[in-house]
Every structure is written in C-alpha cells, then in structure tokens.
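Chains A and B supply the protein sequences, listed in that same order. Every number in my numbering is 204 more than the matching position in the first sequence, counting from 1. Every number in my numbering is 4 more than the matching position in the second sequence, counting from 1. By construction, the Cβ of each residue, glycine as well, lies at the ideal position given by its N, Cα and C atoms. Just so we're clear, the structure is a prediction, and the values are computed from it rather than from any experiment.
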Amino acid sequence: MSSSEKKPRGNHLELARRILEHVQESGLVIGQALSEQALARTFQVSRTLVRAALKLLQEEGLLSHEAGKGYSLLALPDQALSAALPQAEEEALATSALRDRMAGRLGSSISVSELMRRYSIGRPAAQKVITQLSESQVLERGPGQSWLFRPLLNNLAALEDSLHYRLLMEPQAILCPGFEPDLARLALLREGMETLLGQSIGSFDIQQFREVDISFHECIAQSCGNQFIRDALLHHQALRRLPNLLPMVSVHRLQEALREHLRIIEHIERGQLEIAADLLRLHLRLSSAQRPQTANRGVPQVGPLRR
Amino acid sequence: MPKEPLIAFFPEASFGAALNCIGIAQVLKGLGAKPVFICHGHFQGIFAEYGFAEFPIPAQTKLSAAEHQHYWETFIEKNIPYFDQTPLEQIDSYVAPAWEAIIDTAIEAEKPLQQLLARLRPDVIVLDNVVTFPAISNAGCPWVRMVSCAETELPDAAVPPYLSGCAASDAAAREAFVSRYNAAVAPAHARFSRFLESCQHPLHPPGQFLEDSPHLNLLLSPTPVRYNRKQPLAPERYVYLDGCVRSEAPYVVPEFPAHNEAPLIYVSFGSLGAADVQMMKRLIATVAGLPYRFLINVGAYREMYDSVPDNVYLDSWFPQPAVLRECRLFVHHGGNNSFCEALYFGLPSVVIPYCWDGHDNARRAEEVGVGAYLPRYAEPLAALPEALRQLLADEALAARLQGISATMQSNPGSVNAAQAILALTE
Numbered sequence: 205m206s207s208s209e210k211k212p213r214g215n216h217l218e219l220a221r222r223i224l225e226h227v228q229e230s231g232l233v234i235g236q237a238l239s240e241q242a243l244a245r246t247f248q249v250s251r252t253l254v255r256a257a258l259k260l261l262q263e264e265g266l267l268s269h270e271a272g273k274g275y276s277l278l279a280l281p282d283q284a285l286s287a288a289l290p291q292a293e294e295e296a297l298a299t300s301a302l303r304d305r306m307a308g309r310l311g312s313s314i315s316v317s318e319l320m321r322r323y324s325i326g327r328p329a330a331q332k333v334i335t336q337l338s339e340s341q342v343l344e345r346g347p348g349q350s351w352l353f354r355p356l357l358n359n360l361a362a363l364e365d366s367l368h369y370r371l372l373m374e375p376q377a378i379l380c381p382g383f384e385p386d387l388a389r390l391a392l393l394r395e396g397m398e399t400l401l402g403q404s405i406g407s408f409d410i411q412q413f414r415e416v417d418i419s420f421h422e423c424i425a426q427s428c429g430n431q432f433i434r435d436a437l438l439h440h441q442a443l444r445r446l447p448n449l450l451p452m453v454s455v456h457r458l459q460e461a462l463r464e465h466l467r468i469i470e471h472i473e474r475g476q477l478e479i480a481a482d483l484l485r486l487h488l489r490l491s492s493a494q495r496p497q498t499a500n501r502g503v504p505q506v507g508p509l510r511r
Numbered sequence: 005m006p007k008e009p010l011i012a013f014f015p016e017a018s019f020g021a022a023l024n025c026i027g028i029a030q031v032l033k034g035l036g037a038k039p040v041f042i043c044h045g046h047f048q049g050i051f052a053e054y055g056f057a058e059f060p061i062p063a064q065t066k067l068s069a070a071e072h073q074h075y076w077e078t079f080i081e082k083n084i085p086y087f088d089q090t091p092l093e094q095i096d097s098y099v100a101p102a103w104e105a106i107i108d109t110a111i112e113a114e115k116p117l118q119q120l121l122a123r124l125r126p127d128v129i130v131l132d133n134v135v136t137f138p139a140i141s142n143a144g145c146p147w148v149r150m151v152s153c154a155e156t157e158l159p160d161a162a163v164p165p166y167l168s169g170c171a172a173s174d175a176a177a178r179e180a181f182v183s184r185y186n187a188a189v190a191p192a193h194a195r196f197s198r199f200l201e202s203c204q205h206p207l208h209p210p211g212q213f214l215e216d217s218p219h220l221n222l223l224l225s226p227t228p229v230r231y232n233r234k235q236p237l238a239p240e241r242y243v244y245l246d247g248c249v250r251s252e253a254p255y256v257v258p259e260f261p262a263h264n265e266a267p268l269i270y271v272s273f274g275s276l277g278a279a280d281v282q283m284m285k286r287l288i289a290t291v292a293g294l295p296y297r298f299l300i301n302v303g304a305y306r307e308m309y310d311s312v313p314d315n316v317y318l319d320s321w322f323p324q325p326a327v328l329r330e331c332r333l334f335v336h337h338g339g340n341n342s343f344c345e346a347l348y349f350g351l352p353s354v355v356i357p358y359c360w361d362g363h364d365n366a367r368r369a370e371e372v373g374v375g376a377y378l379p380r381y382a383e384p385l386a387a388l389p390e391a392l393r394q395l396l397a398d399e400a401l402a403a404r405l406q407g408i409s410a411t412m413q414s415n416p417g418s419v420n421a422a423q424a425i426l427a428l429t430e
C-alpha cells in the first residue's frame, strides 16, 4: 500500500459507508437533501463526525454541497461506488491481520513488534491496528506486551457455538417488549432476497447472500427493545462480517434460508411477532450444519464428528 | 396428470458416491422426476442440504457421542499406518477388514431396507454401492447399478484387478494380486454367501460382492480413461458416463497475503484422507515455499493447524466443482469422483492414493498421460514439487485436457444417466 496517499480516518470512512447504505435503503432520489441533524440522530454520533463523513462522500462525487443549503444527493450510490471509497490505512491493515488470523496464519496472540515485522510497517501504524482491532472487540490485552484474539468464527466448533448462541438470543430479540422493526429497511432487504432467489445455482452470488443475510439479522438485532440484547447481537453479527467467512453449505440451503427470511419478514410486517420468533428459531435450527463430517466405505455406524 | 416417477437413490456412506448421485438427481428433478435418497443412518444431512428427501436406515447398534468419538479415533489410529503400504500389502491389513465391515452394513440394513422400500414403492432404485442388498432386487421394480468407483470394479481379462493399482499389461502382478486378494477376502465372502443364501439370493463368484443389474448399469468412466475390454459391455445395459458433476455457485477465491496471481492448486484427499493430519502438515510444509497458491481441504480438523503459510488457505469444506473451475491443477487421492472432475474441468492430476480404487485411478492417470502417480510408499512429498512444475509447464497436456474437458462438458454424464434411468420407467 502506498503511504504517500493521504488516507481518511477510519471512523469517517465507516460512517460514510453507513450513510451510503442508509441512502440506498431510504430510497433517496438525486437532488434530495441530506440533513446533518437527522443523520446525527440516526447514527447517534456528533454533527462534526457526520459533516466529515459527508465531506468524504462529496469528494467521491456522490454528494454536492451548497453554502447555506447543505448537502444533497448528486449520484445514486451503488455497491461499486461504495467499494471504491478509499480504505483507511489502519483499516486495510486491520483487515489483513484479521484475514490472516481467520486463515490460521497468525497465532492466538500478537504484539506490536510482530505486526511491524509481518506487515513491514512502522510502530505508529502497528499501534493503530491494535487500537482498531481492540475497539472492534476482536483483541484484548494479554500478558506483557501481547494482545490476545477473542473467539472468532474460524473453526467448526465456533460456528456451532455461534448458532447455538443465536438460537438462544435472536428469537428473544423479537419477543422483548419494545421491538420496533425498521419496515423500510426490511422492505429493501426483501427486494435483495427476491433478486437473489431469481438467480440460478450456477450464477448465485454467495457474497451478496452473505451481505443480505447478515444485514437481515442485524436489522432484527437493531429493532430489539432491550439495549443489552441489541448490543450483544450486533457485536456477534460484526464477527460474522469478518473476512474469509463464507457459508459452507450448498446453494439450495442458502435459497431455503432466503425463503425462511421472507416468511419471517412477512410475519413481522403483520405484527405477528410470536410467529416470527418461532420461524426465526426454526430458521437457525435448519441452518446448523447437518452433513456428516467424516465418512468412508467400510467405516460402520459412526455419527457426525464434533471437534 | 401422470404421477412423477419416484427414483430412490441408495449411495454408500461416502461423499464421492453421495455427490455423484446428487449430480444425477439434480438433472432428474429438472426432467420432472422425484428423486429421493435412502442413506445409512450415520450418513444423513448431505442430501437434504441439496434439497432432496432423505430416508435414513436406522442403525441397530446405537453408540453414544463418546463411543462415536472413541471408535473414530481408534479407527484412524489403527488404519493410517496402512495407507503407506502397497496395494498388495493392504489386502490383508485394510481391504479384507473393510469388506467385513461393508458386509456388516449390508446385513444390518436388509430388514429395515425391505420395510422402507415397501413403504416408498419407488419406480426405480439406483444403488451406488459395492455390495449386494437383496431387498433391492426383491423390491419389484427395476434397479440400476451405479459404478461410481473406478471401472476396474467390473472385472474383465483386459482390465487390471479392482484395488490393485496394476498396469493393464502387467500379467504377473495381476496374477499375484488376484490370488492373494481372493484368499484374503474368502472368509468375508463365505460369510456373505451364507447371508445371500438365507435371502434366496444368487451367490457371487470368488472375490465378488455385487452382481450387475439386469436392467441398467452406469459406469462413471470418461472416454480417455476407459479400458479396451476383452468382452465389451453390452451398450443396452451398460452406459458409460463422462462425469456426473453437480451444480454449485461460483467459488470466491480468498485473498492471499501475496502472489494473488500465482497458479491456484486444489488439494483434497477426501474426508478420510484429511484425518491423516501429520501427513497433511508435512504436505503444507512442502508446498510453503513453492510459487503457487494452494486451497487445501483439511476436513473436520481445521483447528489442528496453526502457522499456515501465506500461499496456503485451509478450509473444512470446499464446493469442489466450483473450486476446480478456478484452478490449474488438482492434487487428490484418486477417488473416482475427484479424478473425473479434474478431467471435466481440464486439470492435470497429481494422485497420491492411500487406499481402495485410488490406486487404480492413479495408475490409469499415469498410463493415459493426464497426471502423475506419486505412491505414498515412495516418498510422494519429495517428488511433489517437481511433479507440479512439470505438469503446470506442459502446454501440450494443457491443450489436450482442454479438449477432454470440452468433450465431457458437451456430453454431461449426469444428463445421460438421468435419461437412461427415466427410460426404465416408460
């Protein structure tokens, strides 16, 4: 990565991405204004931070700015544009470190000097990576100068535990008093799911599935009336967003999962939250890996292996 | 509206047979039939995941989770050393005990299978196994023998003996293998004969455990690797298939820390091969310094690996057909499905077999010039870097494999199999 290019700050970039997603989901049209105050309220951040993120989008040609009038939409964002946003240096390095941890290339603990050596970077950059990963709750302090990776979804047992945890928590997120679904967002998610269901097996977009799937479960979490359940579930979905984590089941199962999502959305829209919670429980049960893990001819009646 | 024909597949409990049958079942479904799967009780889940109804045969001996774990660990510990033996040595250590276990599954399955077939009343049964289940020929409908192992499973004077890894032309090796094999499996054969007699089922010749179907036999054997049989198989009852490849979504190749343009190589030794973690670790150490990227299937043992090199990516499961589409070479154990899929996607094979028909396919890959055979008893890892270099540099081979791939993809075995199966319902 070139160090001469000035990188935007990670938190500005992250907010810019979320604003783009919000613009897409709210169906804003070109020319429509974006209110700093409303965005600050939506994302529960300061107006200064919102202004910095909007400026970044202006630099990317997505927004225009007129003195006294504020920001308005200049072009409709799509995924390509969103992906084209420059990545903050520390964010790119943190992503590399996570990718390598997920792939087993980094051990369970790291230090600043190890990061410096592995990624050929200076101490300040390595420290920023550590800060970013600990802010995302991926790292925690270990003994001495070391930092320990918290549990990630990088093995079969962790994936199984994750599903069990979600099975306990996600239906409750719907059933807790104060569940307030974001119906506009659910409608957009439904569109995305229906588009995916229109794809043949041979052209099914796994990454798009992953995006829609995690967004759907995030939306459930965000709608929860209990702030602690909401927080815990959002943190867990963030783990599912880490690199290298693609579903390891056949497309048929992914298509079924999308149909299950659609039914859950249908019942949320009708206010039938108990049915929606039951369907969500069923959906998560069906999503746990069912296939045998080890088999061969001549190996008699041995059940699935849990490691 | 006429009832959709019910096609009951019964593959053995191995991923090769299962995924091969799934490829055919996907086509049958598109043609308006209703494919369902009968499976061993411990091998369920994979068919349902691909959207097919599953009917497990319940196991009579129930083991607890701890007993399962103990059984499997003992099995691995006992058998892995045998994987380094020659095919001839494996007859006594691995093959004969495997036949005993296979026969146990057939005997145990007979009664529940009879009951299940009476309930299902399929129009056709497709058996993808290596042993007779009398309930199938007594079910009152046509049945198909699907040979998803190497073609050597159907004996012929011009075809090397099944599981021998012999060259087709080596008469002396053939004789030595057959006599030792028949002697070693004789007790299992005698026990199975008593069982067949008790079911009033015709007996098999020495060394044989399954008869051909009087209705239809399908052989997963692509044109370039077929043998010139002394007694050619009658085309009305025997259909050769050029690979039965299932549909999968496009595979997203993971980003590697470096050399993202280097040739991509897929390594998979099947779920049993992955259990040999020490061998896999040695393989990873061997390929760490090579100028290629490797996707390596480590099965259920993913967390036993740390310090993974930058040019290696490990996972517990890969959608093999979609992965091979992105690769330049395939290192595998000679499982027939893997071998056929390598050809289907025009990839050279490096075959490091550890048991069963892997030996036959390894020898055949070398004989017909579509890959290298690196026996486990002859330091395969020392020979691996040079084999990879040679195969990747061989432009003539790449061109020939592209031709083979084009022919196979224009004549998909799964479609031919599905049509032949449906013809039995007319």
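{"Check": "Residue range of the unbroken beta strand (DSSP E) whose run includes A:Leu-319", "Outcome": "Taken as a continuous stretch (DSSP letters only), A:Leu-319 belongs to no beta strand (DSSP E), being part of the alpha helix (DSSP H) at 316 to 323."}
{"Check": "Neighbour-count burial assignment, A:Ala-284, 16 or more Cβ in a 10 Å radius", "Outcome": "Reliability of the predicted coordinates at A:Ala-284 is poor, the pLDDT of 45 falling under 50, and the value obtained from them is presented with this limitation in mind. A:Ala-284 should be labelled exposed."}
{"Check": "Residues near B:Pro-313 by beta carbon distance below 7 Å, same chain, minus five either side", "Outcome": "Ile-288 and Ala-292"}
{"Check": "For A:Arg-221 and A:Ala-271, the rounded distance between their alpha carbons", "Outcome": "24 Å"}
{"Check": "Cα-Cα separation, A:Pro-347 to A:Leu-356", "Outcome": "20 Å"}
{"Check": "Cβ-based contacts, 9 Å cut-off: residues of the segment 243 to 260 of chain B near chain A", "Outcome": "Arg-250, Ser-251, Glu-252, Ala-253, Pro-254, Tyr-255, Val-256, Pro-258, Glu-259 and Phe-260"}
{"Check": "Rounded separation between B:Leu-131 and B:Trp-147 - CA only", "Outcome": "7 Å"}
{"Check": "A:Ile-334 versus A:Cys-380 - alpha carbon distance", "Outcome": "36 Å"}
{"Check": "Residues bridged to B:Asp-319 (per DSSP)", "Outcome": "B:Asn-301"}
{"Check": "Contact set for A:Arg-444: own chain, Cβ-Cβ below 7 Å, skip 5 residues either direction", "Outcome": "Leu-357 and Ile-418"}
{"Check": "Segments assigned beta strand (DSSP E), at least 3 residues, entirely inside the segment 57 to 99 of chain B", "Outcome": "57 to 61"}
{"Check": "Supposed contact pair B:Ile-106 and B:Val-134 - C-beta distance, whole angstroms, cut 8 Å", "Outcome": "7 Å"}
{"Check": "Nearest-angstrom Cα separation, counted from B:Ala-162 out to B:Leu-207", "Outcome": "24 Å"}
{"Check": "Three-state secondary structure assigned by DSSP to B:Cys-43", "Outcome": "strand"}
{"Check": "Nonlocal neighbours in the same chain, by C-beta distance under 7 Å from B:Ala-196, ignoring five residues either side", "Outcome": "Note on identity: in this sequence residue 196 of chain B is Phe, with Ala being the wrong assignment. Only Ile-107 and Phe-213 meet the Cβ criterion."}
{"Check": "A:Thr-304 at chain B interface by Cβ criterion, 8 Å", "Outcome": "The identity of residue 304 of chain A in the sequence shown is Asp, whereas the question assumes Thr. Yes - at least one Cβ of chain B is within 8 Å of the one on A:Asp-304."}
{"Check": "Below-8 Å beta-carbon distance, B:Asp-310 vs any chain D residue", "Outcome": "No chain D is present in this structure, whose protein chains are A and B."}
{"Check": "Residues in the segment 32 to 56 of chain B having any Cβ partner in chain A nearer than 8 Å", "Outcome": "His-44, Gly-45, His-46, Phe-47, Gln-48, Gly-49, Ile-50, Ala-52, Glu-53, Tyr-54 and Gly-55"}
{"Check": "Closest by C-alpha distance to B:Trp-321, when choosing among B:Phe-273, B:Pro-357 and B:Ala-262", "Outcome": "B:Phe-273"}
{"Check": "C-beta neighbour in chain A for B:Arg-286, strict 8 Å", "Outcome": "no"}
{"Check": "Own chain residues within Cβ distance below 7 Å of A:Ala-425, not counting five before or after", "Outcome": "Ala-377, Arg-434, Leu-437, Leu-438 and Gln-441"}
{"Check": "Contact the segment 385 to 395 of chain B vs the segment 244 to 257 of chain B: 3+ CB pairs below 8 Å", "Outcome": "no"}
{"Check": "Strand pairing of B:His-336, partner residues [DSSP]", "Outcome": "B:Ser-272 and B:Val-355"}
{"Check": "C-beta neighbour in chain B for A:Phe-383, strict 8 Å", "Outcome": "no"}
{"Check": "Stretch-stretch touch, CB-based, cutoff 8 Å, three pairs: the segment 454 to 474 of chain A with the segment 393 to 401 of chain A", "Outcome": "yes"}
{"Check": "Backbone secondary structure at B:Lys-7 - three-state DSSP", "Outcome": "coil"}
{"Check": "For B:Leu-223: DSSP bridge partner residues", "Outcome": "B:Val-151 and B:Tyr-244"}
{"Check": "Whole-angstrom C-beta distance between B:Ile-84 and B:Asp-361, which should lie under 8 Å", "Outcome": "Not confirmed; about 19 Å, so no contact."}
{"Check": "Simplified DSSP state of A:Ala-284, which is helix, strand or coil", "Outcome": "Low confidence applies here, because A:Ala-284 scores a pLDDT of 45, under 50, leaving its location unreliable and the question unanswered by this model."}
{"Check": "Residues in the segment 320 to 343 of chain B having any Cβ partner in chain A nearer than 7 Å", "Outcome": "Ser-320 and Trp-321"}
{"Check": "Straight-line gap, A:Tyr-369 to A:Asn-430 (C-alpha atoms, nearest Å)", "Outcome": "17 Å"}
{"Check": "Exposure of B:Ile-356, with buried meaning 16 or more beta-carbon neighbours within 10 Å", "Outcome": "buried"}
{"Check": "Residue-level contact to chain A via CB, B:Asp-160, 8 Å cutoff", "Outcome": "no"}
{"Check": "A:Glu-364 to B:Tyr-255 span [Cα, whole Å]", "Outcome": "23 Å"}
{"Check": "Any 3 or more C-beta pairs closer than 8 Å across the segment 42 to 59 of chain B and the segment 20 to 33 of chain B", "Outcome": "yes"}
{"Check": "A:Pro-385 classed as buried or exposed, judged by whether at least 16 other C-beta atoms fall within 10 angstroms", "Outcome": "buried"}
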